[in-house]
Every structure is written in C-alpha cells, then in structure tokens.
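Here our numbering is used: position 430 in the sequence shown is 430, and no number is missing along the way.
Below is one structure; the comments refer to it alone.
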Amino acid sequence: MNSKEIREGFLKYFETKGHLRLKSFSLVPQDPTLLFTAAGMVPLKSYFLGEEIPPSRRITTVQKCVRTNDIENVGNTPRHHTFFEMLGNFSIGDYFKEEAIAFAMEFILDFLKLPKERLWVTIYKDDLETKEIWKKHGIPEERIIPLGEEDNFWMMGPVGPCGPCSEIYYDRGAINEKEEHELPGSSERRFLEFWSLVFTQYDRQIDGTLKPLPRKNIDTGMGLERITSIIEGVDSDFETDLFMPIIEHIEKLSGVSYKNSDRSIRAMRAIADHARAVTFLIADHVIPSNEKRGYVLRRLIRRAMLFGRSINLTEPFLYKLSETVSNLMGDIYPEVKEDLSYIQSVLKEEETKFNTTLKDGLYYLDNVIEDYKKKGEKEIPGDVVFYLYDTLGVPVEITELALKEVGFTYNKERFEELLESQREKARASFKGSEAFLERVSFGAVKNAVGSVEFVGYETLETVATLK
Ligand code: ATP
C-alpha cells in the first residue's frame, strides 16, 4: 500500500461510517489570530464551538498543515515536518470515545493490517473510561501508559472546551537492551506516535473546575507521513514515496548522495521538507515578507538555502524542486499544479535576492570561524553575529544554524545588548520624527496651503484647489 492508497482508504473508510468528506482547507486559517492551519480541527473550530452549524455531525478530511514549533527538529528527526498532511475524523456532538476507538482499531487492524501486538497507547492518567475501552479492544494493561496533563490533556485555552486525549504508538522493536525498557514517549526510534484521539468532554470554568459539555466532540489526527513510513517499512518519513522523488531530485541537483553522511541526510531532509512547505504556502497566497506568515515563508526559504550550501547547492534550487512537489501532489491538491509557474517565479526571485546576502555573510563568517579555530576557541563574539545581522542582512537564525553545523556558539548576551541599544537608537530617532509630525500638524499645513477639495469619490487624481 502506498501513501495515495492510505490517504484515499482513510477517507473512504470514514465515509462508510457516515462521515462527510470535505476537501482540505487553506493553510491560511479564517481565524486571524492563528498563523497557520496546524491541525485538521482548526478549520472546523466554529462547528466545535457551536458558532456555526456543521454540514454534517461526522466529518472526515485530509488537511494540509504547517507547524513551526517543530522547526528545530526538522532535518534532525525522522518524523518531524513543517508541512504535513493530517488524516482526521471528527464528531461534532455525535459519537464519542467508544466509537472513536472502535473506528481507529478497525482501520488499523482491518485496513492497514498492522499487527495488534505492535500497538501501544497512552491515556490521560485519570481517564479510566478510555483505559477500559482499549482493554476491551485487546490492548493489554501493560501497553496502556498513563500520562499527565502536559502530555495527554488537550485544551484550546485556559478556559473553554478541553478534554483528555489518547495517542496510538507503533512499536518498531527494540534493537538493544536499553530500548527493551523504554516506553512510548521516551524513545525516538522504537516507538512512533502516529495517531492522536482527542475527547473534548469538558468546559473549563474560570475557577478551574471541569464542567461536562452537553455535546461531546471527537477530534482525531494521524500524520500521513508517519503512517506511510510504518506501512512502507522504512526508517524515516523521508524515505517514503511522499519524499523520495524530492530527495532524488536534490541528489541529482547536488551530485551528493542522500546517505553520504549525517550532514547530507540532515540537509536533504530539511530541504525536502521546506520545498513542500514553501510550495504549498505560496499556492495559498503567502508571499515572502518581513511580517507574520510571509516571514515564516522567508525563513523557510533561507533555512533551505543554508542547508543547500552544505551539499554544494549554491545557486537557486528550490524553484526547481517545487516542480517535483507539484508533480507528486498536484492530483490531490490542484493549487500546486495550476499555480506552478507563479510559485516558481516567487521562489526564484526570493532565492536570487538572498543568495548575494548569504554569499557575503557566509564568506565573512567563515573567515571569523577560521581565526577562532586557530586560536583554539569555539565561541565567536556577539558583535560578529550583530554585524552579520545589522550590516550584511543575515538573519540570526541562519548564523546560528551555520555555527551549529561546525560546532561553534556565540556570545548571545553581547548580541542582545547590541540589539537593544540599536532599538533604543531607533526609538530615539522615532521620537524625533514624532516631534516633527507634531510641528507639521494639519492646521499648520492648512494655514500654509489653504483648503484642499476632496474629489476622491469621483476621481483618483488629486485636484487641489488652492485658495
Ligand atoms: P509529536 O509529539 O510527535 O510532535 P504531537 O503530539 O504534537 O506530535 P498532535 O498535535 O497530536 O501531535 O498531532 C496528531 C498527529 O499529527 C501526530 O500523531 C502525528 O502523526 C502528526 N504530527 C504532528 N506534528 C507533526 C509534525 N511536526 N510532523 C509530522 N507529523 C506530525
């Protein structure tokens, strides 16, 4: 079974269970307080909160998601992405725990055909009801791990809908004695969390008490990349059919093989991940900028470019990879196919612009590193990082990443100090301009030039009549 079959199989399975299939929503959420759609539940929030009437009480989606909280992990772990697809089934005041667990088990055992003895689950420590349901489905007590609030209790905010969750893990098997004694949540390699079931059953009050919700909800999310890695029997998400064509394209462009070294593995994973993320973000109308979503997009492009340098990719390349992403995903997400030439032009322009900055910055940084190496030191002054940032335009996280690659650090305190003093200077000069604005008040302008007739409703040209 490949990723396409898993994706379609999931949606079909839940359709047979009375769920309405909806298309993936945009990565840019309707809710202006959120940066990106980070889970399948996000676009359905107003249904869960009772603010809108859902088209069905049972919904299933495969939602494209972007998460930035895991960005440091991307490239370093086999299972974290900034862009990923989340398979989800949702009950809006309809079925609850019993059915949600029964559906999950049936899908895992009968459709995916995973062996039951490889399954472990975690539950919220006080949620004994869920524990009993798992036992009824043949998961023995020793493979049901109780965890605390920080791991297995979901809440939208300090007050409001919340509830326990339960996560399903796949045991890849221990390869040494230490791993024999590990438990889900503690081991990166052995246990892979792939499906999370959230049981929204309470409404947390201001005083902290948990009031049962009159209509309870189910929200589940399974990472397509992770479940595909299990089904395809590979060690990392990046070796699945979702990523391999992109990795192969990177190998071709760079002339370096994926498994050449830890460095090439890390770089190619991060680049492949970011190539997907940036392609999809631009398709959803995000453009590189210095603010909010545009800034995240810009960071991803720059991060990918820096990783590119470590495998000889010194000329723009992301725009080329976006074509492979489009070929791979365009059937499911037509936006990446239809807008490909636009996506490529945005990427190429951004890459070209940043390339010069990066070249100058890294040349300077390399020289500094060489000097410090000669001195036998592994920390460079904060002043260098500040100069790179302030004068050469190299973002701090790019410098940090470049330093990390060679095992170097920098004096962060000094950097912060310089940054703060620069901010103070900016504030002081802004105050100056405020004073200037006060001086040229509207009254003063009117006195100087007389009144101005506004004709903007009829024409866009300014017709000022000086009296
Ligand atoms: P983790 O602790 O492994 O980072 P999580 O507990 O934050 O995951 P959930 O928010 O419960 O994950 O998301 C549901 C599912 O979505 C996870 O079980 C996983 O399969 C997938 N998922 C979540 N975050 C990522 C990510 N950054 N990259 C890939 N898949 C992810």
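We put the CB at the ideal spot given by N, CA and C, even for glycine.
Note that this is a predicted model, so its numbers are computed, not measured.
Hey, quick one: how far does the alpha helix (DSSP H) through residue i stretch, first residue to last?
| i | result |
| --- | --- |
| Thr82 | Careful: Thr82 lies outside any alpha helix (DSSP H) and carries neither H nor E. |
| Lys211 | Premise fails: Lys211 lies in the beta strand (DSSP E), 210 to 223, not in any alpha helix (DSSP H). |
| Lys97 | 97 to 106 |
| Asp262 | 262 to 283 |
| Asn290 | Premise fails: Asn290 is in no alpha helix (DSSP H) and is neither H nor E. |
| His249 | 244 to 254 |
| Thr357 | 340 to 374 |
| Tyr333 | Note, Tyr333: premise wrong, no alpha helix (DSSP H); not H, not E. |
| Val325 | 318 to 329 |
| Asp28 | Note that residue 28 is Val in the sequence shown here, rather than Asp. From DSSP, Val28 is part of no alpha helix (DSSP H); its letter is neither H nor E. |
| Lys178 | 177 to 180 |
| Lys47 | The question names Lys, but residue 47 is Tyr in the sequence shown. It spans 45 to 48 - the alpha helix (DSSP H) in which Tyr47 sits, taken as one unbroken run. |
| Ala402 | 396 to 405 |
In the DSSP output, which residue or residues are listed as bridge partners for residue i?
| i | result |
| --- | --- |
| Thr61 | Gly88 |
| Leu20 | Ile59 |
| Tyr410 | Ile380 |
| Val66 | Phe83 |
| Val74 | Thr77 |
For residue i, count neighbouring C-beta atoms within 10 Å of its own C-beta (all shown protein chains included) and say buried if the count is 16 or more, exposed if not.
| i | result |
| --- | --- |
| Gln30 | exposed |
| Glu177 | exposed |
| Ile76 | Here the sequence assigns Asn to residue 76, which means Ile is not the residue at that position. With fewer than 16 Cβ atoms within 10 Å of its Cβ, Asn76 is classed as exposed. |
| Ala100 | buried |
| Glu141 | exposed |
| Ala304 | buried |
| Gln63 | buried |
| Gln422 | exposed |
| Gln205 | exposed |
| Ser24 | buried |
| Leu437 | Only weak support is given to the placement of Leu437: the predicted model assigns it a pLDDT of 42, under 50, and the value that follows is read from those uncertain coordinates. Looking at its Cβ environment, which holds fewer than 16 other Cβ atoms inside 10 Å, Leu437 is exposed. |
| Lys131 | buried |
| Gly361 | buried |
| Glu52 | exposed |
| Pro115 | exposed |
| Ile133 | buried |
| Val159 | exposed |
| Asp366 | exposed |
| Ala435 | Confidence is the limiting factor: at Ala435 the pLDDT is only 44, short of 50, which leaves the residue's position unreliable, though a coordinate-based value still follows. Exposed. |
| Thr200 | buried |
| Ile287 | exposed |
| Gly88 | buried |
| His80 | buried |
| Phe14 | buried |
| Pro334 | exposed |
| Ser326 | buried |
| Thr324 | buried |
| Pro212 | exposed |
| Glu351 | buried |
| Lys320 | buried |
| Gly376 | exposed |
Need the endpoints of the beta strand (DSSP E) that residue i sits in, please.
| i | result |
| --- | --- |
| Tyr535 | The question about residue 535 has no answer, for the chain in this structure spans 1 to 467. |
| Tyr202 | 191 to 204 |
| Phe153 | 153 to 155 |
Take residue i as the anchor and find which of the options has the nearest alpha-carbon.
| i | options | result |
| --- | --- | --- |
| Ser91 | Met105, Ile71, Leu147, Ile59 | Ile59 |
| Met41 | Asn217, Ile53, Asn73 | Asn217 |
| Ala38 | Ile71, Phe386, Glu149, Pro146 | Ile71 |
| Arg269 | Val286, Asn290, Pro245 | Pro245 |
| Arg309 | Pro214, Gly376, Ile380, Ala402 | Ala402 |
| Glu315 | Leu22, Thr357, Thr228 | Thr357 |
| Pro146 | Thr61, Gly330, Ile168 | Ile168 |
| Lys125 | Gly148, Ala272, Lys135, Arg57 | Gly148 |
| Val296 | Thr82, Trp154, Glu52 | Thr82 |
| Asp94 | Thr279, Pro55, Asn152, Glu5 | Pro55 |
| Ile227 | Tyr202, Pro214, Asp273, Leu242 | Leu242 |
| Arg7 | Ile231, Glu420, Gly294, Leu300 | Ile231 |
| Met86 | Phe103, Arg67, Ala102 | Arg67 |
| Asp203 | Leu197, Trp195, Pro214 | Pro214 |
| Glu98 | Asn73, Lys136, Leu112 | Lys136 |
| Glu379 | Thr324, Arg414, Asp390 | Arg414 |
| Phe48 | Leu388, Cys162, Ala272 | Cys162 |
| Thr220 | Asn69, Asn312, Ala102, Lys320 | Ala102 |
| Pro184 | Ala272, Ser229, Arg118 | Arg118 |
| Val336 | Gly18, Ile282, Lys259 | Ile282 |
| Glu417 | Lys113, Ile271, Val385, Thr399 | Val385 |
| Leu306 | Glu291, Ser322, His274 | His274 |
TODO: Please go through the region 118 to 151 and give each complete beta strand (DSSP E) segment of 3 or more residues, from N-terminal end onward.
DONE: 119 to 124, 144 to 147
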